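Be aware that the sequence shown starts at 1431, since it is given in our numbering, and climbs by one per residue. Just so you know, even glycine gets a beta-carbon here, dropped at the ideal spot from N, CA and C. Predicted model only: the values in this text are computed from it and were never measured.
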Amino acid sequence: MQLQTMNSPFDQEQIELINRLLPMLTNNQKIWLNGYLAGTQSAASVAVEEQPGLEWYAEQAEVIATRKVTILVGSHTGNCHTVANGISKKLQENDYQVTLTPMDEFKPKDLKKVEDLLVITSTHGDGHPPDNALSLYDFLHSKRAPKLEHVRFSVLSLGDSSYEFFCQTGKDFDQRLEELGANRIHSRIDADLDFEESAAEWFAGVFSILNKAKETDRPSTLTDVAAQNTASISQPIYSRSNPFHAEVLENINLNGRGSNKETRHLELNLEGSGLQYEPGDSLGVIPENEEQLVDQLLFVAEWNPDEELVINKQGETASLRDALITTFDITSLSKPLLKKAAAFANGNALANLLAPENNEQLRTYIHGRDLIDLTQDYGPWQVPAAEFITILRKIPVRLYSIASSLKANPEEVHLTVGALRYEANGRKRSGVCSTQCAERADVGATLPVFIQSNNSFRLPQNPDTPILMIGAGTGVAPYRAFMEEREELDIPGEAWLFFGEQHFVSDFLYQTEWQQWLKDGVLTKMDVAFSRDTAEKVYVQHRLLEKSKEVYQWLEAGANVYVCGDEKYMAKDVHATLVTILEQQGNMNSEQAEAYLTSMRSNKRYLRDVY
């Protein structure tokens, strides 16, 4: 809206200044300015000539508006996107120009145009970049990478300290940007699975440094407003830090009699939560340790279960037993944890295990053992329980691919959860969250949950695009969501499912639903592989290879390929099979086949949700 001269108390020059300023103001700046002007009316003791004029404010608005921050996100499960979205919002509300881009949508050559660069990335598998970061990662490590002396940067790296190459991708980006001449404005922070506090610490440091340039060019009143805005950023009602307690409506074992697996189908009530999700998203479940396991640890460690202790930086307290049930991870070991525990151990045996020459022995020891094993083998600990638990990380949330469409199931969310049970080192073991869902999530109970968006695993925007879905076991969950969505919206595109499990009779998850979708034409084709029903084990990659010609035709016709399930074996073997199909049917060599899949990945046609 432009100020007009008619009936205005301003002269023409003042009106021009006002009209230059108003379009550049944010809502928060307008509110502040309104309050400032009101204050000058009542503060008769303050002379008008002592206050900055409108021309000055227009100049400051231009200075503020030219700040440019680029946020590049490499994400697999969506955690990095969640952090980046929050940071982008905070920066924008404090008058920064922000461009937030997934790494696979960023043109690497545009690095020459970047001023302030924030890299937020996860690490995948054994130290590899997530799929959507591969192209940028390869470009930066190639000879084509430009000198970046003009770029200021900082890296936030998310990872899992139980892996040997913890936060490796973030470390690689950080080192390579420095090698290319970029200037680090804040040290890299490597965040574990309970990343919220680390991410907040990193952003606070980055924001402080970015803000220094502004603070030298504007009055403290504007700086104070920015600080207030940062402190008052609204958060979603229900999130990872404030989960919704969803009532269990159904909890059904999908496996038949005689199966050596237990796969639970859970239906949860989201009524009143306001939570929204899309097919391809995940549901985060915040689990608790089994009480019996905690009691066993307390006995082995000779700890007092009723000891009161502080469990977080906010100063909240709980009994030791309750803290071990609800807060701390006691079921997994990692090299960083053992290094910290060695300082509390009786003798040098644990320190010797951590010696470089014993790396293989260390990996063997860590696999399949928990804190009870560690305490039995290297305890008793030479410090009180309250000090020892400070080295433990928080219980990691579990992310499960959502198995339902919200459009088809309003105010509900469905999960497909495989209960993990095994025996190792003379003790029975179980998955923390999966067995909680199987054994302690009866109908009527509640589970603390939140939605984890995953924009890297979406149905195609064009409904006519064919989709080819590949999954084994619980990896079929998101495809059930896909089919429900397409059925609800009457989407006509072709859909082909490759599904694998152990036995046809007992392990064909959602069998009747797939058959009905085939009958109704929602699902075009289905090929299954039941590895234990034949003398020679047959997996989904074998079924793909059997249908090589038709699979290649679908690829050439522009089909999206989805892979969901185990990365180390299934997804790796499926990728190798797709390369083989391209070589055989497309007359390509291995390099050309890999380039074909890389191009599909860049165009969001080769999408993976693997773990």
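- In the same chain as V1581, and ignoring 5 residues on each side of it, the C-beta atoms closer than 6 angstroms to its own belong to V1544, L1547, A1612, in chain order.
- Y2026 and R2035 have their C-alpha atoms spaced approximately 11 angstroms apart.
- When the beta-carbon positions are compared, F1912 and L2037 stay at least 8 angstroms from each other.
- Looking at the DSSP output, H1844 bridges to E1697.
- Taking all protein chains in view, the Cβ of G1848 is crowded by 16 or more other Cβ atoms within 10 Å, so the residue is classified as buried.
- Non-local C-beta neighbours of F1569 in its own chain, meaning closer than 7 angstroms and more than five positions away in sequence, comprise P1538, A1575, ordered along the chain.
- In the three-state reduction of the DSSP assignment, R1574 falls in the coil class, being assigned neither a helical nor a strand state.
- Inter-residue distance for S1883 and S1712 is about 6 angstroms (C-alpha atoms, whole angstroms).
- Between the stretch 1724-1731 and the stretch 1858-1869 there are fewer than three C-beta pairs closer than 8 angstroms, too few to call the two in contact.
- Checking the DSSP bridge columns, you'll see C1994 partnered with G1901, D2039.
- Relative to the Cα of P1878, the nearest Cα in the group L1780, E1677, L1607, A1775 belongs to E1677.
- Looking at L1927, P1717, D1950, the one whose alpha-carbon comes closest to that of R1670 is P1717.
- The alpha-carbon separation between F1596 and R1614 amounts to approximately 21 angstroms.
- Beta-bridge partners assigned by DSSP to K1824: F1758.
- Assigned with DSSP and collapsed to three states, I1832 falls in strand.
- For F1929, the pairing in a beta bridge is given by DSSP as G1901, V1958.
- The three-state secondary structure of A1875, taken from DSSP, is coil.
- The residue among D1963, G1951, A2023 with its C-alpha nearest the C-alpha of S1689 is D1963.
- Here the alpha carbon of N2017 sits roughly 50 angstroms from the alpha carbon of E1680.
- In the three-state scheme derived from DSSP, where H, G and I count as helix and E and B as strand, S1864 is classed as helix.
- In the DSSP annotation of this structure, the continuous segment of the beta strand (DSSP E) that includes A1748 starts and ends at 1747-1749.
- When D1800, K1824, T1553 are compared, the shortest CA-CA separation from K1743 is found for K1824.
- The beta carbons of G1635 and F1880 sit no closer together than 8 angstroms.
- Beta-bridge annotation (DSSP): T1895 is not paired with any residue.
- A1731 carries a helical assignment under DSSP once its states are collapsed to helix, strand and coil.
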